[in-house]
Amino acid sequence: MSKITAKLSAEEKKMLRQTYWRSFTLYSAVTPAKQGASGFEYSMIPWINHFYKNAADKKAALVRHMAYFNTNLAMSPFIMGVTASMEKQNSEKSDFNAESINAIKTSLMGPLAGIGDSIFWGVLRVIAGGIAISLAQSGNFLAPIIFLLIFNIPVQLVRWYGGQLGYTLGSSYISDLYEKGLINIMTKAASIVGLMMVGAMTSSMVKFSVKWNMVMGGKTILKTQDMLNQIFIGILPLGITLLCFWLLRKKNVSINWLILGTLLIAILLALVGIV
Amino acid sequence: MYEAFAVAIVVFLTVGGQELLGLTMLGRPIVVGPLIGLLLGDLPTGLTIGASLETIFMGIVNIGGASAAEPGLASALAVAFAINMHGGLGVALPLAIPLGIIGLQIKTLLYVAVVGPFASRFDTLAAEGNERGIVRLHFGLWGLQWFLYALIPFFAMLVGSSATQAALKLIPAVIVHGLTVAGNVLPAVGMAMLMKILWDKNISVFYFLGFLIVAYFKIPLIAVAVMGVIIAILIAQRDFQVHQLQAKPVAASAVDHSDESKSQQEDDDFFG
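So, in structure tokens, the structure goes:
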């Protein structure tokens, strides 16, 4: 991968490293109005100081990057790299339209947040969590460390190389990926892994069994849970999960109501002795 | 006093820390639980409750600032109380859920009322070209916001421990049983949240495949993940081929044809 930075100067490599470290703090001072604006600014300061020696240009660049910024954190160094490459052009060419920088930034934020959130929050975190939970349940003290490693190693690689790719390839790269349809193919592939994991975890983590049996004349004539298991193992947990999903997706029931409802129904069922 | 301090520090460094060290998942229950357990001298309880709360809060994602609960504060306090009372998930769960919701409300309040007003100050500093001021404010606001947030667990531990203990003793056994049942069902809500992110009609069968292979074959989750990656690679390869075929302009088909027949021949050689 060292090929990516082969053509860059030592100074540029240093600034890419600074952007990598500074972008950790993207959401340190999130405001409702501008989200990660100050973090984006903080990450861009080395570039701004490098490209603009004139005080007025520097101020203009500082104002430019204090604009609304919100995306998936793992994707942010890529956008910063693209932005830095455009700032470089802006500082070199007098006819460069500085407004296009924020336009490109904004156009990258949305799609990259979408991919990043589903890959990192929806898939990678779920895999890391699922593995760590089963380790923790068997008493393995390394569970939290393994969770952090499984999640963070890929994220840090994406952040590290993302910045380099963004800077060297510029904004044409991402639109190229879009045209080739690679983004959609990648998102679909990641979602497949995610959905399979969620299905697997529905089976291993959602637990619900019926204690109530049909009794006639002091004799148990029907063991409800055994009967249900013969139909399909885990039919109740699966049914409950699909019901929750349906309520969330089609009925727009809020998550807090779902949690509260589940609590109340469980207590009610315990009171009447069904579970 | 030590306990209150320890819990407050953990909340500050994990829930606050993950905002400074973005997207590192430091504030998840599976990390916070064992950490509290370690500091309060009962690592096994911290680990098991942390894992249980992680399954419940699995679906709580923090995307674009929108969330349903703040799992970090909830886990820290629930685990601390459970350790103090020598209780299990039955003690931790009824505390964790309301705490998660309250925690989010307070987090939102701090973000709107404490950090929010500084947005215009940032703009002024940028217009003045005051780089150092921007950096100072950027980190200062982080410290202020999470210091204030960490005061909640501090005082909750200081005054809440004995009161919570007394209140929990009043709960009848059948309700505690109901709460334990709820704790086992609640991951369903989390799974539903995740499905909402990932669901697409064309690939929904894979959800059921994942469920089936664990329910019937008891395959460990890591193996399911690897199987999922293999299936995803196969499908991505096929999608890519289909996409390339579609992308080829009709006019160029004659030229492409020879290429294809060449690769066809190579395949034949390979299998022959």
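Those protein sequence lines, which keep their order, are chains A and B.
The first sequence maps to residues 1 to 275 in the numbering used here.
The second sequence maps to residues 1 to 272 in the numbering used here.
Where is the CB? At the ideal position from N, CA and C, for every residue including glycine.
Rounded C-alpha distance that separates Leu20 of chain B from Phe12 of chain B: Along the second sequence, one-based indexing puts residue 20 of chain B at 20. Along the second sequence, one-based indexing puts residue 12 of chain B at 12. So the alpha carbons of these two residues sit roughly 11 Å apart.
Residue closest to Val114 of chain B, alpha-carbon to alpha-carbon, out of A:Val30, A:Ser204, A:Phe51: In the second sequence, the residue the question calls residue 114 of chain B occupies position 114. Comparing Cα-Cα distances from Val114 of chain B to each of A:Val30, A:Ser204, A:Phe51, the minimum goes to A:Val30.
Collapsed DSSP secondary structure at Ala251 of chain B in the structure displayed: Start at 1 with the first residue of the second sequence, and residue 251 of chain B comes out as number 251. Any reading at Ala251 of chain B must be qualified, since the residue scores a pLDDT of 45, below 50, and its modelled position is unreliable; no value is offered.
Per-residue DSSP class, three states only, for Phe69 of chain A: Your numbering for residue 69 of chain A matches position 69 in the first sequence. Three-state result, Phe69 of chain A: strand.
Proximal residues to Gly46 of chain B (C-beta, below 8 Å), its chain only, five neighbours per side dropped: Position 46 of the second sequence, counted from the first residue, corresponds to residue 46 of chain B. Counting only Cβ-Cβ distances below 8 Å, and skipping sequence neighbours, we find Gly33, Pro34, Leu35, Ile36, Gly37, Leu38, Leu40, Val79, Ile83.
Per-residue DSSP class, three states only, for Ile221 of chain A: On the first sequence, position 221 is the one that residue 221 of chain A refers to. In the structure shown, Ile221 of chain A sits in a strand (DSSP, three-state: E or B).
8 Å Cβ cutoff, Phe81 of chain B in contact with chain A: Residue numbering aside, residue 81 of chain B sits at position 81 when the second sequence is read from its first letter. Phe81 of chain B does not count as touching chain A.
Proximity test, Cβ basis, 8 Å: Pro237 of chain A and chain B: As a first step, residue 237 of chain A is located in the first sequence; it is residue number 237 there, counting from the start. Pro237 of chain A counts as touching chain B.
Own chain residues within Cβ distance below 6 Å of Ala251 of chain B, not counting five before or after: Translated into positions along the second sequence, residue 251 of chain B becomes position 251. Low confidence applies here, because Ala251 of chain B scores a pLDDT of 45, under 50, leaving its location unreliable; read the following figure in that light. Around Ala251 of chain B: no qualifying Cβ.
Cβ-Cβ distance between Val135 of chain B and Tyr42 of chain A below 8 Å: For the purposes of this step, residue 135 of chain B is identified with residue 135 of the second sequence, where counting begins at 1. For the purposes of this step, residue 42 of chain A is identified with residue 42 of the first sequence, where counting begins at 1. In contact: Val135 of chain B and Tyr42 of chain A (Cβ atoms closer than 8 Å).
Contact set between Leu169 of chain A and chain B, taken where Cβ atoms lie within less than 8 Å: For this step, residue 169 of chain A is matched to residue 169 along the first sequence. By Cβ distance, chain B contributes nothing, its closest Cβ being about 20 Å from Leu169 of chain A, past 8 Å.
Partners in chain B for Glu87 of chain A, counting only beta-carbon separations shorter than 7 Å: Sequence index remark: in the first sequence, residue 87 of chain A carries index 87 (1-based). Those within 7 Å of Glu87 of chain A in chain B number zero; the least Cβ separation is about 15 Å.
is_contact[Lys169 of chain B, chain A] using C-beta, thresh 8 Å: Against the second sequence, residue 169 of chain B aligns to sequence position 169. Output row for Lys169 of chain B: interface = no.
Three-pair Cβ contact test at 8 Å for the segment 165 to 185 of chain B versus the segment 146 to 164 of chain A: no
Separation of Asp200 of chain B from Gln244 of chain B, as counted between CA atoms: For the purposes of this step, residue 244 of chain B is identified with residue 244 of the second sequence, where counting begins at 1. For the purposes of this step, residue 200 of chain B is identified with residue 200 of the second sequence, where counting begins at 1. Gln244 of chain B and Asp200 of chain B: Cα-Cα distance of roughly 23 Å.
Short Cβ contact (8 Å threshold) for Ile115 of chain A with Ile235 of chain B: As a position in the first sequence, residue 115 of chain A is number 115, starting the count at 1. As a position in the second sequence, residue 235 of chain B is number 235, starting the count at 1. Against a cut-off of 8 Å, the Cβ pair of Ile235 of chain B and Ile115 of chain A comes out as no contact.
Helix, strand or coil at Thr24 of chain B [DSSP, three-state]: One-based indexing of the second sequence puts residue 24 of chain B at position 24. Correct three-state label for Thr24 of chain B: coil.
C-beta contact flag for Leu137 of chain B and Phe118 of chain B at 8 Å: Translated into positions along the second sequence, residue 137 of chain B becomes position 137. Translated into positions along the second sequence, residue 118 of chain B becomes position 118. The answer is yes: Cβ separation under 8 Å.
Residue closest to Ala143 of chain A, alpha-carbon to alpha-carbon, out of B:Trp146, B:Met58, B:Ala51: Taking the first residue of the first sequence as 1, we reach residue 143 of chain A at position 143. Ala143 of chain A has its Cα closest to that of B:Ala51, out of B:Trp146, B:Met58, B:Ala51.
Residues that Arg125 of chain A contacts on chain B, provided the C-beta gap is smaller than 7 Å: Position 125 of the first sequence, counted from the start, is the residue given in the question as residue 125 of chain A. Met25, listed in chain order.
Helix, strand or coil at Met193 of chain B according to DSSP, with G and I counted as helix: The residue given as residue 193 of chain B occupies position 193 in the second sequence. Here Met193 of chain B sits in helix by DSSP.
Alpha-carbon to alpha-carbon, Ile102 of chain B and Ser209 of chain A: The residue labelled residue 209 of chain A in the question sits at position 209 within the first sequence. The residue labelled residue 102 of chain B in the question sits at position 102 within the second sequence. Looking at the two C-alpha atoms, the distance is approximately 31 Å.
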